[in-house]
Structures are given as C-alpha cells and as structure tokens.
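**Student:** Just passing along the structure, written as structure tokens.
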C-alpha cells in the first residue's frame, strides 16, 4: 500500500529532529524556486531581443495568468491540507483516495477554465485597453497559455500531493526538468533556430506549454508505475463528488485570496507607474533581488507546512508549536544574512542590472526602506502557512487581504502623496511589518487545532 520511504519520512516528521527534517524537506524547494527565477529572467531576455512589443505580451497577460494559476493553486492547497493530515494519521487509504480525486478534480476544472479562457482572451485584453501594437501578440500568448491549463493544473496537483506526504525531491526534479526544457526551447522556437520554425511570441508560449506537458506525462507515469512508493490503478480515479465538494469548499477561499493578491499587486504597480520610468525600473530591479531572498523563505515555509499538516493529523499540537518557533528562528537567520549583505552593497547590486545613475540611486533608496521588512515578511508567511496547512483557508485569505488591501495599497497610495516614491517603499515595508504582527497573533489564537479531516474540536486535555 505505502512505500517504506514514506513511512520513514512520516516517522522523521512526527518524531525526528525538527531542524534536520525541516532543512531536508526545504532544500529541494529552495533549489526549484531559484531555477524558476532564472527561467523567468531567461524568458524575458529572449523576448527582449524581439522588441518591446514582444516583451509586453507576457507582461500584460501576467495578471490573468496569475489569476488562472490562483484557482489551480487554491485547490492544490486544499488537497495538500487533507493529504498531509491523513498521512500524519497514517490513514494511507484516504491519502490515496484524496490524491486520486485531487488529480481528477484539477483535470476537469482545468478543461473548463482553459476552454472559457481561450475564447474570452481577446475580449479581456480589449477591455483592459492593451495598446494596438501589443494586442495581437498578447492575444496569441494568452490563448496558448489557456490551452495549457490542464498540464499546469495537473502539475500543481502532483507537486502538492507529493509534498504533503513528505516527498519534496520528486516534484522538484520533474519541475526542474520542465523548466530547463523550456529554457532550451525558448530561443529555438522564438527565432527558428535549426529545423524549428520562427514563431516569436507564439514560440515562447509553446515552449512553456510543451515543458508543462512533459512534466505532466512524467507525473502520470510515476503515478501508475508504482515508483513513488504508492501504486495507483485507473479504477481508483472514480470521481467522489462528496470529496470534490470538500476540496471546493476549502480551495475556493485560497483561490480567491491569491486572485485578490494578484489584483493588489497590479494596483501597487499602478501607483509606482505614476512616478515614471526611473521609479518603475528601480522597483522592477528591486523586486528581482527580493524574489531571490524570498525563494529561501518560501522553501522553508513550504517544508514547514508539510510538517505542520502531518503533525496536525497525528494530533501532535505541542510539536507543531515547536516546529513553528524553530522555523521562524531558522528563517529569520537565513533571510537576514543576504538582506544585510544587499543593504550594505545596495548601490553595486542595482548597478549589476543597469548603468543608469538615476535608477541606481532610486533602487538604492528602495532597498534602504524595504529590506528591513524582509524578516517580518518571513514571519507573516510562516504564520499564514500554519493556518492554511490546517485547511483554514478562509482565515488565511482574510489575513492576506488585510496585509495587501488593508495595509499595502492604502499606505503606498497615501504616503506617496506625502513623500513621493519614498512613501511607496515605506508603505510596502510597513505592510510587511504590521501584517507579520497580525498574522502571528492570529496563529496564536490556535484555530488551526481543528484539522479539516476532523469535524469535532480537539478537547484541551489532548494538548
């Protein structure tokens, strides 16, 4: 039924060294995050060779792609909560049942979303007011991305399911292979190198979809081959509409929350854009380095989610508190080191990306105000992930909306009216600091003690 490696990993998660297990789960996730950032830079680099109209295609499509991804990620988060908690309780039959139904739900919902998105893509971009010189490229790019939604969603489901049972290496390997394939195909399909046709923006979109499809095929093979330590049969993928309802109930708030985040960042970008190209460039360059730092925090936090989910299923509440405390300490140390280095060398760091002295100056100012908030953002992310791992996605959605819409957007807007672009950076930093405090206080309420796999509240004497 279940492989020895999964039983062994469960034992480490429930009883082993917290620090060792956390880092063991985290390092593949951190590696993948870094690879993904490199891919994004590479994709932009090649499209940039075609001109600003080509680069604008993924740029203007990004909010809609992010919204689409948010729905997939939301249901994957729901599946993660159920699967990790059943794994912690050693209910392996339910683990298999939930994995199978997560995969089928993601497939059918992605087909519907992909078809709808393909037909409304031109209308969406028209309503947005995309400039005429970028409109056709954007339509082509967005339509192809919508056609690839089934592959994307299956990848989400597979990755989150394996992470839930403590396997972070396999999805990292598969996703890294897909990204490297994408990096190789990009110039070949964009410029028509060798036997490949010159497809320009269409080539960039196709390279992405081909890579995702390869990842999906590899995932399906592993699922049915038994090489994962859990062997599935086709008969096990019969839809369970009762479980679909549960996954939908838990997953929808997560999807809405991530979609609202996507929209919030679009609004912040609009505030930044008001101050001109220098500030936009400084913000863009600044975010690239912030994403590198965040990739470490994100990996640590996702690894912690696996440990929290399984310990919640096993009702190890005191161990969860210890896991969270140690994760915050480790994460703060790992974030603070590069943050301090970048702060001290901020002018040189910005200068790596651009020679414009005005952008370098503004980028340095961005780091001066924003970097101090990075350790706090780590605390925010960890605290919300504990709540999310319990399946309390409505609560995590509220926390996220407060940080972005209740704090970041209004602070950035009003402070920019007082202090110009520096007010934006200060508002962004304050949203992380205040948001971290609110998220941690919410975690301390311990609403996460009620797992989604249980209908009753765990009584205090079981603490």
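Residue numbers (this note's numbering): 85 to 547.
Ideal Cβ placement from N, Cα and C applies to all residues, glycine included.
1) Going by C-alpha distance, which of 535, 480 and 291 is nearest residue 399?
2) Spatial neighbours of residue 458 within its chain, please: C-beta separation below 7 Å, excluding the five flanking residues on both sides.
3) Since residue 499 is in the alpha helix (DSSP H), which residue starts that stretch and which ends it?
4) Which first and last residues belong to the alpha helix (DSSP H) in which residue 52 is found?
5) Is the distance from the Cβ of residue 385 to the Cβ of residue 466 below 9 Å?
6) Please tell me whether residue 287 and residue 493 are closer than 9 Å, where the distance is taken between their beta carbons.
7) Applying the 10 Å Cβ sphere with the 16-neighbour rule, what's the burial state of residue 352?
8) Go through the segment 429–466 residue by residue and report every complete run of the alpha helix (DSSP H) that reaches 4 residues or more, in order.
9) Ordered along the chain, which non-local residues of its own chain (more than five positions away) have a Cβ less than 7 Å from that of residue 266?
10) For residue 529, count neighbouring Cβ atoms within 10 angstroms of its own Cβ and tell me buried if that reaches 16, exposed if not.
11) Tell me the DSSP secondary structure of residue 168 in three-state form.
12) Secondary structure at residue 478, three-state DSSP: helix, strand or coil?
13) To the nearest angstrom, report how far apart residue 147 and residue 343 are at their CA atoms.
14) Taking the alpha carbon of residue 257 as the reference point, which residue from 526, 448, 306 and 282 has its own alpha carbon closest?
15) Please classify residue 251 as buried or exposed, where buried requires at least 16 neighbouring CB atoms within 10 angstroms.
16) Mark residue 443 as exposed unless 16 or more other C-beta atoms lie within 10 angstroms of its C-beta, in which case mark it buried.
17) With a cut-off of 8 Å, do at least 3 Cβ pairs link the segment 181–199 to the segment 505–519?
18) What residue range is occupied by the uninterrupted alpha helix (DSSP H) comprising residue 359?
19) Does DSSP put residue 209 in a helix, in a strand, or in coil?
**Tutor:** In terms of the structure at hand:
1) Put simply, of 535, 480 and 291 the residue whose alpha carbon is nearest the alpha carbon of residue 399 is 535.
2) Shown here for residue 458: same chain residues with a beta carbon closer than 7 Å to its own, the five before and five after excluded, namely 377, 419 and 423 in chain order.
3) That run of the alpha helix (DSSP H) goes 493–503.
4) Outside the displayed span of the chain (85 to 547) sits residue 52, for which this structure offers no information.
5) In this structure, residue 466 lies closer than 9 Å to residue 385 by Cβ.
6) Not a contact, by the Cβ cut-off of 9 Å.
7) Result: buried.
8) Taken in chain order, the complete alpha helix (DSSP H) segments of 4 or more residues contained in the segment 429–466 are 430–437 and 441–454.
9) Non-local beta-carbon contacts of residue 266 in its own chain, meaning distances under 7 Å to residues more than five positions away in sequence, involve 123, 291, 292 and 295 in chain order.
10) Exposure of residue 529 is indicated by the presence of fewer than 16 other C-beta atoms within 10 angstroms of its C-beta.
11) DSSP places residue 168 in the helix class (H, G or I) of the three-state scheme.
12) Of the three classes helix, strand and coil, the one that applies to residue 478 here is helix, per DSSP.
13) CA-CA distance, residue 147 to residue 343, rounds to 9 Å.
14) Scanning 526, 448, 306 and 282 for the CA closest to the CA of residue 257 turns up 306.
15) Counting Cβ neighbours within 10 Å, residue 251 comes out buried, since at least 16 surround it.
16) Its Cβ being crowded by 16 or more others within 10 Å, residue 443 is buried.
17) With the rule of 3 Cβ pairs closer than 8 Å, the segment 181–199 does not count as touching the segment 505–519.
18) The continuous stretches of alpha helix (DSSP H) do not include residue 359, and DSSP gives it neither H nor E.
19) Three-state DSSP puts residue 209 in a helix.
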